[in-house]
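Residues 421 to 580, numbered by this note's numbering, are exactly what the sequence shown covers, in order.
One structure is given below, encoded as structure tokens.
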Amino acid sequence: MSTLGEVLVGLVILVGLVGIVVPILPGTILIFAAVGVWAWFTGGAAAWTVFAIATVLLVLSGVVKYTWPGRRMREAGVPMRSLMVGGLLGIVGFFVIPVVGLFIGFIAGVYVAEIPRHRNHSEAWRSTVHATKAAGLSILVELFGALLASAVWLGGALFV
Numbered sequence: 421m422s423t424l425g426e427v428l429v430g431l432v433i434l435v436g437l438v439g440i441v442v443p444i445l446p447g448t449i450l451i452f453a454a455v456g457v458w459a460w461f462t463g464g465a466a467a468w469t470v471f472a473i474a475t476v477l478l479v480l481s482g483v484v485k486y487t488w489p490g491r492r493m494r495e496a497g498v499p500m501r502s503l504m505v506g507g508l509l510g511i512v513g514f515f516v517i518p519v520v521g522l523f524i525g526f527i528a529g530v531y532v533a534e535i536p537r538h539r540n541h542s543e544a545w546r547s548t549v550h551a552t553k554a555a556g557l558s559i560l561v562e563l564f565g566a567l568l569a570s571a572v573w574l575g576g577a578l579f580v
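Here it is in structure tokens:
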């Protein structure tokens with residue numbers, strides 16, 4: 421692959437990393453696709469090995485992203501319904517207040533869903549904090565896997 425092509429792949433990977441932290445774009449899918457395109461155009465066993473390792477890292481982080489925070493929320497007693505309400509209000513908030521509204525909407529949505537369940541501000545807020553921590557942990561796990569996959573690609577791009 422040409423240098424320009426590798427720079428473009430690197431930029432797509434960078435956009436994917438931003439998409440993980442600010443969930444506007446499907447970050448993991450962009451990184452997977454960019455490394456796949458790089459492997460396709462570079463060719464050879466080394467390029468496909470880089471692609472395979474990056475894929476395994478992205479899949480593993482995806483599995484951990486959903487299992488580890490989910491278990492912590494179940495232990496804290498936060499129901500899936502509250503997360504769904506938080507997610508929906510997060511989407512609405514994203515369009516009302518670009519970017520920041522996603523986080524504000526998520527927190528407000530979980531809190532609104534938890535108030536009728538607990539009938540107590542402090543308990544509802546405690547559940548909201550647990551849900552927010554779990555969502556943050558989920559983002560960190562996905563980002564960690566994506567950073568590892570990106571580092572594998574960078575190593576491959578430099579040495580293949």
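All residues carry an ideal CB built from backbone N, CA and C; glycine is no exception.
Rounding to the nearest angstrom, what Cα-Cα distance links Leu522 and Ser481 in this structure? To locate residue 522, count along the sequence shown from 1; it is residue 102. To locate residue 481, count along the sequence shown from 1; it is residue 61. Computed Cα separation, rounded: 22 Å.
Separation of Gly556 from Val503, as counted between CA atoms: One-based indexing of the sequence shown puts residue 503 at position 83. One-based indexing of the sequence shown puts residue 556 at position 136. Looking at the sequence provided, one finds Leu at residue 503 rather than Val. Each residue's Cα considered, the two are about 13 Å apart.
Flag this pair as yes or no: are the beta carbons of Leu450 and Val470 separated by less than 9 Å? Residue mapping note: residue 450 aligns to position 30 of the sequence shown, counting from 1. Residue mapping note: residue 470 aligns to position 50 of the sequence shown, counting from 1. At the C-beta level, Leu450 and Val470 stay beyond 9 Å of one another.
By a C-beta neighbour count over all protein chains shown, 10 Å radius and 16 as the cutoff for buried, is Val505 buried or exposed? Counting from one through the sequence shown, the residue named residue 505 turns up at place 85. A residue is called buried once 16 or more other Cβ atoms fall within 10 Å of its Cβ, and Val505 is buried on that count.
What does a CB cutoff of less than 7 Å around Ala459 pick up in its chain, not counting 5 residues either side in sequence? Residue numbering aside, residue 459 sits at position 39 when the sequence shown is read from its first letter. Here the set comprises Ala467, Trp468, Val470 and Phe471.
Among the residues of its own chain, which have a CB less than 8 Å from the CB of Phe515, if the five just before and after it don't count? In the sequence shown, the residue the question calls residue 515 occupies position 95. Closer than 8 Å at the Cβ level, and outside the excluded window around Phe515, lie Gly521.
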